[in-house]
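A.B. asks: In UniProt numbering, the protein residues as written are 1 to 218.
For every residue, glycine included, the Cβ atom is placed at its ideal position computed from N, Cα and C.
Shown below is the structure under consideration.
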Amino acid sequence: MARGHGAIAHVRPDSPSLESWRARFSEMGARLDATPWDEGAMRATLIAHRPTWVFGCLGTTRARAREAARAGRDASKESYDAVDVALTEMTIRAAKDAGVQRFVYLSSIGAGDGAQNAYLAARTKVETTLRESGLPYTIVRPSFILGDRDAPRAGENVFGAIADAGLSLVGALGGAKVRDRYRSITGEQLAQAMVAIAEDPGWRDRIADGVDLQRLVR
Numbered sequence: 001m002a003r004g005h006g007a008i009a010h011v012r013p014d015s016p017s018l019e020s021w022r023a024r025f026s027e028m029g030a031r032l033d034a035t036p037w038d039e040g041a042m043r044a045t046l047i048a049h050r051p052t053w054v055f056g057c058l059g060t061t062r063a064r065a066r067e068a069a070r071a072g073r074d075a076s077k078e079s080y081d082a083v084d085v086a087l088t089e090m091t092i093r094a095a096k097d098a099g100v101q102r103f104v105y106l107s108s109i110g111a112g113d114g115a116q117n118a119y120l121a122a123r124t125k126v127e128t129t130l131r132e133s134g135l136p137y138t139i140v141r142p143s144f145i146l147g148d149r150d151a152p153r154a155g156e157n158v159f160g161a162i163a164d165a166g167l168s169l170v171g172a173l174g175g176a177k178v179r180d181r182y183r184s185i186t187g188e189q190l191a192q193a194m195v196a197i198a199e200d201p202g203w204r205d206r207i208a209d210g211v212d213l214q215r216l217v218r
């Protein structure tokens, strides 16, 4: 919205914070959409709105799965396969049918060949699906993402700060590319970079890593 674009923010219809998000997005001038996570419904919504870009930022955590299990809910619905993979792939298919001009996917550093854990394996699977979909895309691979979140991730803030301290030394010794590839970025900076990437047709069908993101927010 700050860059002069219209925006529609999707919030799941059963979110306990739905009305809070509605108020917050309204203050920004953005519209809120609460289409159910059903492929036919999502396809109909995207065809009706015909957005120029779709930003795929879905993700869950193992903590959410544990919380669901403790509450007696089906923990498998909060797994990486169910949320990070299945719901994002659903959105990719719906976006293609709607003629979206670019799908900007928030992945992670470490995704790709040789992914080391379940989270990165899920991101890798979505990246592969997106590249093979025929839908114009950009894949964004940041390192640590710092700042306030609705679901706090204290570990990421702590490890990001520790990593940044070491990377500053690496940069001072001539390793600027290594420093920028792995250094942290705030959520606001990441959002700014992702919009700039969507605006630039030169980013079509490419991967933006930490070096690119740091350059875009300087």
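For the putative contact between Ile8 and Arg31, defined by C-beta atoms under 8 angstroms, what is the C-beta separation to the nearest angstrom?
C.D. replies: About 5 angstroms separates the two Cβ atoms, so the contact holds.
A.B. asks: Indicate whether Tyr105 and Leu130 have their beta-carbon atoms separated by less than 8 angstroms.
C.D. replies: In contact: Tyr105 and Leu130 (Cβ atoms closer than 8 angstroms).
A.B. asks: Jot down the residue ranges of each uninterrupted alpha helix (DSSP H) in the stretch 29-94, minimum 4 residues, whole runs only, in chain order.
C.D. replies: Correct list: 39-49 and 62-70.
A.B. asks: Would you mind giving the Cβ-Cβ distance between residue 220 and Gly59, rounded to the nearest angstrom? I have them listed as a contact below 8 angstroms.
C.D. replies: What is shown of the chain runs 1 to 218, which leaves residue 220 out entirely.
A.B. asks: Answer yes if the stretch 132-141 comes into contact with the stretch 204-211, meaning at least three C-beta pairs across the two stretches below 8 angstroms, and no otherwise.
C.D. replies: Cβ pair count under 8 angstroms is three or more, so yes.
A.B. asks: Pull up the distance between the alpha-carbon of Glu67 and that of Pro13, whole angstroms please.
C.D. replies: Distance between the alpha carbons of Glu67 and Pro13 is about 20 angstroms.
A.B. asks: Looking at Ala193 and Val217, is the spacing between their C-beta atoms short of 8 angstroms?
C.D. replies: Yes, they are a contact pair.
A.B. asks: Counting C-beta neighbours from all protein chains within 10 Å, is the total for Thr91 16 or more, i.e. buried, or is it exposed?
C.D. replies: Classification for Thr91: buried.
A.B. asks: May I ask which residues mark the beginning and end of the alpha helix (DSSP H) holding Arg215?
C.D. replies: First-last of the alpha helix (DSSP H) with Arg215: Gly210 to Val217.
A.B. asks: Are there 16 or more other CB atoms within 10 angstroms of the CB of Gln189, so buried, or fewer, so exposed?
C.D. replies: Per the 10 Å Cβ criterion, buried.
A.B. asks: Rounded to a whole number of angstroms, what is the C-alpha to C-alpha distance between Glu19 and Gly29?
C.D. replies: Cα to Cα, Glu19 sits roughly 15 angstroms from Gly29.
A.B. asks: Using only alpha-carbon positions, find the residue among Ala63, Ala71, Gly4 and Ala41 that is nearest to His10.
C.D. replies: The residue with the shortest Cα to Cα distance from His10 is Ala41.
A.B. asks: Is it true that the CB of Trp53 sits closer than 8 angstroms to the CB of Val100?
C.D. replies: Their beta carbons are under 8 angstroms apart, which means Val100 touches Trp53 by this criterion.
A.B. asks: Pick from Phe103, Arg24 and Leu120: whose alpha carbon is nearest that of Ile197?
C.D. replies: Selected option, being the one with the closest Cα: Phe103.
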